[in-house]
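*Asks:* At position 105 of the sequence shown the residue is numbered 105 (UniProt numbering), and the sequence of numbers has no breaks. Glycine is no exception: its CB is placed at the ideal position from the N, C-alpha and C atoms. Dropping the structure in here first, questions after.
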Amino acid sequence: MLTTSQILKKVKELEIKSKRLTRHLFTGEYHSAFKGRGMSFKEVREYTAGDDIRFIDWNVSARFNHPFSKLFEEERELTMMLLADISASSLFGTVLARKKDMVTEIGAVLGFSAISNNDKVGSVLFSEDIEKYIPPKKGRDHGLYIVRELLTREGKKKGTDISRALRYLNNTTRQKCIVFVLSDFLDPGFADALRVAGKKHDVIGIKVYDPMDMQLPDAGVLEIEDAESGQVARIDTSDYLVRKAHQDAFFRHSEWCKQVFTRAGCDLLHISTKEDYVKVLQKFFIGRT
């Protein structure tokens, strides 16, 4: 367990890193990638050369015997929701970070990207149950609170129920949201709930995985335990067929996840715990502009 001073230090480090990335990399991309709800009337001003004649306000122009143009501005305010998987499998990690650490850091960067654009951000932390709901708000202090919860809260339940988290989101939010689901998606039954959520929200999945999820080392006989079910098994990793079967299962699951998101009209990113997630996010943001 982290001490209070360690938590505060880590939260501050995440804030500094997130703000630096947001300032230098994501501000423009985030703003362009996620549009507001449309355009709203702002004011009229005297017509100048180059103004679109479709936006001439004929009533005002007639009153002053001079052409005036309508000005519009983007209705910018958006709401971002971070659905973060804090089930037992998120505590697994063999290289630079656990999956939960990566989820926390990506969540911090996304959250501060929203806050720097004056958007609201909230979060649902889930396992097989809803562990914590943080209603969306604006502001730095609220962003820090979300980061602190992502950093410190661990699931009371071990399993993963993504459908429950998506249904909870739909029941607690009326307006359309940008929804990032951060998980390893070790849950075989969330396709229907994702399809429903995808009709209402702009849903992006971020599949976080550890390199050993994909590839076992050649390390002889290992005793492994499923973090969520508690099942224990012994496997011989020196056997090529065992390693290949493990890798094939990973790729089948990844392809299945991709198909589930595509059918729901949603995006899915894959990020390894040893990968530079900044490049993956930036490429995604730019691709949506």
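1. Can you list, in chain order, the residues of its chain with a C-beta nearer than 6 Å to that of residue 44? Leave out the 5 residues immediately preceding and following it.
2. Check the DSSP bridge columns for residue 180 and list the partner residues they point to.
3. Can you list, in chain order, the residues of its chain with a C-beta nearer than 7 Å to that of residue 143? Leave out the 5 residues immediately preceding and following it.
4. Name the residue from 240, 9, 5, 80 whose alpha carbon lies nearest to the alpha carbon of residue 201.
5. Does the stretch 209-220 touch the stretch 271-287, meaning 3 or more C-beta pairs lie closer than 8 Å?
6. Using only the alpha-carbon positions, how far apart do residue 223 and residue 250 sit?
7. Taking only three categories from DSSP, how would you classify residue 238?
8. Take residue 62 and list the residues in its own chain whose beta-carbon comes closer than 6 Å to its own, dropping the five residues that flank it on each side.
9. When DSSP labels each residue in this structure, what does residue 270 get in the three-state scheme?
10. Alpha carbon to alpha carbon, what distance is there between residue 65 and residue 148?
11. Considering only the alpha carbon of each residue, which of 128, 216, 244, 263 lies closest to residue 158?
12. Identify, in the order they occur along the chain, each residue of the same chain with its Cβ nearer than 6 Å to the Cβ of residue 138, setting aside the five sequence neighbours on each side.
13. Using 8 Å as the threshold, is the C-beta distance between residue 108 and residue 78 below it?
14. Is residue 107 helix, strand or coil when you go by DSSP?
15. Going along the chain, which residues of its own chain have a beta-carbon closer than 6 Å to the beta-carbon of residue 104, five neighbours each way excluded?
16. Just to confirm before moving on: does the CB-CB distance between residue 167 and residue 131 stay below 8 Å?
17. What first and last residue would you give for the beta strand (DSSP E) that runs through residue 130?
18. Tell me the rounded alpha-carbon separation between residue 185 and residue 48.
19. Under three-state DSSP, which class holds residue 145?
20. Among the residues of its own chain, which have a CB less than 8 Å from the CB of residue 269, if the five just before and after it don't count?
21. From residue 226 to residue 89, what does the alpha carbon distance come to, in whole angstroms?
22. Reducing DSSP to helix, strand and coil, say where residue 196 ends up.
23. Taking the alpha carbon of residue 21 as the reference point, which residue from 286, 278, 287 has its own alpha carbon closest?
24. With DSSP run on the structure shown, which of helix, strand or coil describes residue 209?
25. For residue 16, does the count of other Cβ atoms within 10 angstroms reach 16, so buried, or fall short, so exposed?
26. Looking at the secondary structure, which residues open and close the alpha helix (DSSP H) in which residue 5 lies?
27. Of the choices 254, 87, 54, 146, whose alpha-carbon is the least far from that of residue 229?
28. Only counting the same chain, and skipping five residues up and downstream in sequence, which positions put a Cβ closer than 7 Å to that of residue 214?
29. Taking the C-alpha atoms as reference points, what is the distance between residue 179 and residue 94?
*Replies:* In short:
1. Numbered from its first residue, the sequence shown carries residue 44 at position 44. By the criterion of a C-beta distance shorter than 6 Å, residue 44 is surrounded in its chain by 57, 60, 68, 70, once the five residues flanking it on both sides are discounted.
2. To locate residue 180, count along the sequence shown from 1; it is residue 180. In the DSSP output, where bridge partners are listed per residue, residue 180 has 82, 204.
3. Within the sequence shown, numbered from 1, the residue matching residue 143 stands at position 143. If we look at residue 143 and ignore the five residues flanking it on each side, its Cβ neighbours are 111, 112, 115, 121.
4. Along the sequence shown, read from residue 1 onward, the residue named residue 201 stands at position 201. It is 80.
5. The stretch 271-287 vs the stretch 209-220: in contact.
6. Counting from one through the sequence shown, the residue named residue 223 turns up at place 223. Counting from one through the sequence shown, the residue named residue 250 turns up at place 250. Residue 223 and residue 250: Cα-Cα distance of roughly 19 Å.
7. Here residue 238 is taken as the residue at index 238 of the sequence shown, counted from 1. When DSSP states are grouped into helix, strand and coil, residue 238 belongs to the coil group.
8. Translated into positions along the sequence shown, residue 62 becomes position 62. Closer than 6 Å at the Cβ level, and outside the excluded window around residue 62, lies no residue.
9. The count along the sequence shown starts at 1 and reaches residue 270 at position 270. Note: residue 270 maps to strand in three-state DSSP.
10. Numbered from its first residue, the sequence shown carries residue 148 at position 148. Numbered from its first residue, the sequence shown carries residue 65 at position 65. Distance between the alpha carbons of residue 148 and residue 65 is about 60 Å.
11. On the sequence shown, position 158 is the one that residue 158 refers to. With distances taken between Cα atoms, residue 158 lies closest to 128.
12. Counted from its first residue, the sequence shown places residue 138 at position 138. Result list for residue 138: 120, in chain order.
13. Here residue 108 corresponds to residue number 108 of the sequence shown, with the count starting at 1. Here residue 78 corresponds to residue number 78 of the sequence shown, with the count starting at 1. Contact: no.
14. One-based indexing of the sequence shown puts residue 107 at position 107. Correct three-state label for residue 107: helix.
15. Reading the sequence shown from its first residue, position 104 is the one you call residue 104. So the qualifying residues of the chain are 150, 151.
16. Counting from 1 along the sequence shown, the entry for residue 167 is found at position 167. Counting from 1 along the sequence shown, the entry for residue 131 is found at position 131. Note that the C-beta distance between residue 167 and residue 131 is not below 8 Å.
17. As a first step, residue 130 must be located in the sequence shown, where it is residue number 130. Note, residue 130: beta strand (DSSP E), 130-137.
18. Here residue 185 is taken as the residue at index 185 of the sequence shown, counted from 1. Here residue 48 is taken as the residue at index 48 of the sequence shown, counted from 1. A straight line joining the alpha-carbon of residue 185 with that of residue 48 spans about 54 Å.
19. Position 145 of the sequence shown holds residue 145. DSSP places residue 145 in helix when its eight states are reduced to three.
20. As a working mapping, residue 269 is identified with position 269 in the sequence shown. 204, 205, 206, 207, 280, 281, 284, listed in sequence order.
21. Along the sequence shown, one-based indexing puts residue 226 at 226. Along the sequence shown, one-based indexing puts residue 89 at 89. Put simply, the backbone Cα of residue 226 is about 8 Å away from that of residue 89.
22. Position 196 of the sequence shown, counting from 1, holds the residue named residue 196. DSSP, read as helix, strand or coil, puts residue 196 in helix.
23. By one-based count along the sequence shown, residue 21 stands at place 21. Nearest C-alpha to residue 21: 278.
24. Counted from its first residue, the sequence shown places residue 209 at position 209. If DSSP states are grouped into helix, strand and coil, residue 209 belongs with the strands.
25. In the sequence shown, counting from the first residue as 1, residue 16 sits at position 16. The residue in question, residue 16, is exposed, as its Cβ has fewer than 16 Cβ neighbours within 10 Å.
26. For the purposes of this step, residue 5 is identified with residue 5 of the sequence shown, where counting begins at 1. Per DSSP, residue 5 belongs to the alpha helix (DSSP H) from 4-21.
27. Here residue 229 corresponds to residue number 229 of the sequence shown, with the count starting at 1. Selected option, being the one with the closest Cα: 87.
28. Here residue 214 refers to the residue found at position 214 of the sequence shown. Excluding positions up to five away in sequence, the list reads 247, 250.
29. The residue labelled residue 179 in the question sits at position 179 within the sequence shown. The residue labelled residue 94 in the question sits at position 94 within the sequence shown. C-alpha separation (whole angstroms): 28 Å.
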